[in-house]
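Notes follow once the structure below has been shown.
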Amino acid sequence: MGLCKLGCVPWLLGILFLSSLELLCMADVHYYAFIVRESNFTRLCTTKSMLVVNDSYPGPEIRVHRGDTVFVNVHNHGSYGFTIHWHGVKQPRNPWSDGPEFVTQCPIQPGTNFTYQVILSDEIGTLWWHAHSDWTRGSVHGAFVILPAPHETYPFHPPDADQTIILESWYNDDYLELIRNSTLDGQAVGIPNAYAINGHLGDTYDCNDTIFRMEVNYQDTYLLRIINAAMNEEKFFSIANHTLIVVAQDASYVTRFATDYIMITPGQTMDVLVHANQNIGQYYMVMRNFHDSAASSNNNLTTAIFQYKNSVGGPRNNASLVSLPEPDDSNATSSFLSRIRNLRVRQNPPLRVPRAIHRRVYIAISTNSIPCTNDSVCITEERFVAALNNVSFVFPVIDILQAYYKRSINGVFTKDFPLEPPEYYNFTGDLTILNRNVTMGTKVVMLNYGEAVEIVFQATQFGAGGSHPFHLHGFSFYRVGSGSGNFNNVTDPKSYNLVDPPLINTVHVPASGWVALRFFANNPGVWFSHCHFERHSSWGMDTVFIVKNGGTKATSIRPPPASGMPVCSGA
């Protein structure tokens, strides 16, 4: 997690020298070992045991070059099963190593191991990896840095060094127990006890917790690789007295722009340049939640230090005086997001925004409730669920990919996810009198290879309302439009940006509004799509897109690994 000088010897860039990490690097193929087990950590005057990789929180950083292939052997030394997802890696034709539990694989059981083959293609910049089972990603996550290929350059003056900044949630309780208790009693998991930057809680809490310090040289330029790994919180982030230059989002370069703050959703990554050009001293890095729903929120400031070498004394200002938008400032969020545009440079994938659309999917997002079942110990007569087009996703006991690929396993999923809401109403109006019940099921969307797809996510005022960060596995997509109110399929497409829309993998759906995405279905496989608020995904705010094979071997799903997949207990 330390500062990496970009002038260092190239072979050092691929090495993680952590206690349990083994890495062999041959040409463009890299090998990592992840030892996953319980370790003790003390925060907020409390010591807890939690599942981590290689005894570190956050976990080890993978650092490779564009187009490389990475093999990660994951050893489960814990007490329950889990999977790992390589967030933002498209994994061309290789859903076997994508990772979402019971979608593309079953859990890696205790005492076993599984090797992921992570195939990079055109991704460049910062991505991340995390557990994709229940809430385990709260402690099992780390950065995935993709440097330019040896013959490539940055589309800006190379920075003097780079630094990963991971924004995290901290719970004193065990992550697995949190979601298990929530599932049992039908209520939401409580708000975090604190937040962290690179595992450090900073100096705004009461227990003299450690603070992360980034040491910098005067007049040097630094590339910050910012990852929002928080469980349920969108984040504002700023550095006192310093301008941030946004240069990339979700492993794709964007047109550079200067800003005092960024807004980043769970799952997203942003690459930001900072020039250390202020008086020598110590300056706060500060994050706080952006929160626009009726749900509870912890709006504490969380701090780190941007520290010039040879500086003395403490920070030059109070953390509360750092310029950040207010927690509910939706205008600041929309203003920031509107400035993110695709950069037409050779280092980016060629701009191919679909124009003629073959498949349109209009998805209404909602949080709902259903009567409690006999196997629950609910606090009230109803339990929380979440839905897309009134379907609350149910995870099967055999993974969908296995059932789809083998064709001989029936009853795992159905191909009838509704492509539009079952009924139309004022999605962003007063919905208190409408029926909030939903259909439970494992329903998927089937796409033909090569189809041009448009998805419109419509936020509703069901439940607490608010924004949602949505992630699509297996693809990057163009965010072509966004607006407030109910989407109008006649007038709103006229405002689409088809010239330079950002190419991303996780998108902010605005509260009481909509967002439109476009992509070509050119990656055959089984691909999960879900809200990256962990509470919503746990409640069923998910679906699956299955892209059928094309007509050739090169347009078809790769065979499963010869060594086999983790065994499903329900098989």
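Letter by letter, the sequence shown follows residues -27 to -1, 1 to 544 of mature numbering (1 follows the signal peptide of the UniProt record, and there is no 0). Using N, Cα and C, we set each Cβ at its ideal position, and we do this for glycine too.
For the pair of segments examined, the stretch 504 to 521 was found to touch the stretch 190 to 206: the number of CB pairs separated by less than 8 Å reaches three.
Taking C-alpha positions only, Pro121 is separated from Gly98 by approximately 8 Å. When DSSP assignments are scanned along the stretch 249 to 291, no uninterrupted stretch of alpha helix (DSSP H) that is 4 or more residues long falls wholly within it. Counting of Cβ neighbours within 10 angstroms places Tyr335 among the buried residues, the total reaching 16 or more.
One thing to note: Phe443 has its Cβ within 9 Å of the Cβ of Ser502.
In this structure, Arg332 and Val417 do not form a Cβ contact; the two beta carbons are roughly 13 Å apart against a cut-off of 8 Å. Just so you know, the alpha carbons of Arg356 and Ile152 end up roughly 13 Å apart. No Cβ-Cβ contact shorter than 9 Å links Thr156 with Ile92. A residue is called buried when at least 16 other Cβ atoms come within 10 angstroms of its Cβ; Ile278 meets this threshold and is buried. Excluding sequence positions up to five before and after Arg452, its CB lies within less than 7 Å of the CB of Pro474, Pro475, Ile477, Val480, Val488 and Leu490, all in the same chain and listed in chain order.
For Gly498, the CB contacts under 7 Å within the same chain, skipping 5 residues up- and downstream, are Arg66, Pro68, Gly447, Val520 and Ile530 in chain order. Of the candidates Gly423, Asn252 and Pro73, Gly423 places its Cα closest to the Cα of Gly524.
Between the stretch 230 to 245 and the stretch 269 to 277, the count of Cβ pairs shorter than 8 Å is below three; the stretches do not touch. When secondary structure is reduced to three states using DSSP, His105 falls in the coil class, being assigned neither helix nor strand. DSSP assignment within the stretch 401 to 479 yields the following whole beta strand (DSSP E) runs of 3 residues or more, N-terminal first: 412 to 414, 417 to 420, 425 to 432, 441 to 445 and 450 to 457. Straight-line measurement puts the Cα of Arg314 at about 8 Å from the Cα of Arg229.
Sequence-distant Cβ neighbours of Phe368 in its own chain, meaning closer than 6 Å and more than five residues away, are Phe75.
For Leu151, the enclosing alpha helix (DSSP H) stretches over residues Tyr148 to Asp158. A Cβ-Cβ separation of about 6 Å places Lys63 in contact with Asn496 under the 8 Å criterion.
If you look at Phe309, you'll find it in the alpha helix (DSSP H) that goes Ser303 to Ser311. Under the three-state reduction of DSSP output, Thr238 falls in the coil class, being neither helix nor strand.
Look at the stretch 3 to 54 and you find these whole runs of beta strand (DSSP E), each 3 residues long or longer: 19 to 26, 35 to 38 and 42 to 49.
Cβ atoms of Thr433 and Thr401 come within 8 Å of each other, at about 7 Å. The C-beta distance from Val227 to Leu316 rounds to 5 Å, short enough to fall under 8 Å. Annotated three-state conformation of Arg508 is helix, per DSSP. By the neighbour-count definition (other C-beta atoms within 10 Å, threshold 16), Gly454 is a buried residue. Residue range Glu207 to Ile212 is occupied by the beta strand (DSSP E) that includes Lys208. Boundaries of the alpha helix (DSSP H) around Leu374: Ile373 to Lys379.
Our two residues, Ala231 and Leu445, have alpha carbons roughly 28 Å apart in a direct line. The beta carbon of His264 sits closer than 8 Å to the beta carbons of Glu206, Glu207, Ser270, Asn272, Pro300, Asp301 and Gly439 from its chain, once the five residues preceding and following it are set aside; these are given in chain order. Within the stretch 490 to 535, complete alpha helix (DSSP H) segments of at least 4 residues are found at 507 to 512, given in chain order. The Cβ neighbour count for Thr415, taken over all protein chains shown within 10 Å, is at least 16; the residue is labelled buried. With contacts defined as CB atoms closer than 9 Å, Thr109 and Ile81 fail to qualify as a contacting pair.
Nearest to Val37 by alpha-carbon distance, out of Tyr53, Thr19, Pro123 and Thr77, is Pro123. Excluding five sequence positions before and after Phe129, the CB atoms of its chain that fall closer than 8 Å to its own CB belong to Val220, Arg229 and Leu246, given in chain order. With contacts defined as CB atoms closer than 9 Å, Ala360 and Thr387 fail to qualify as a contacting pair.
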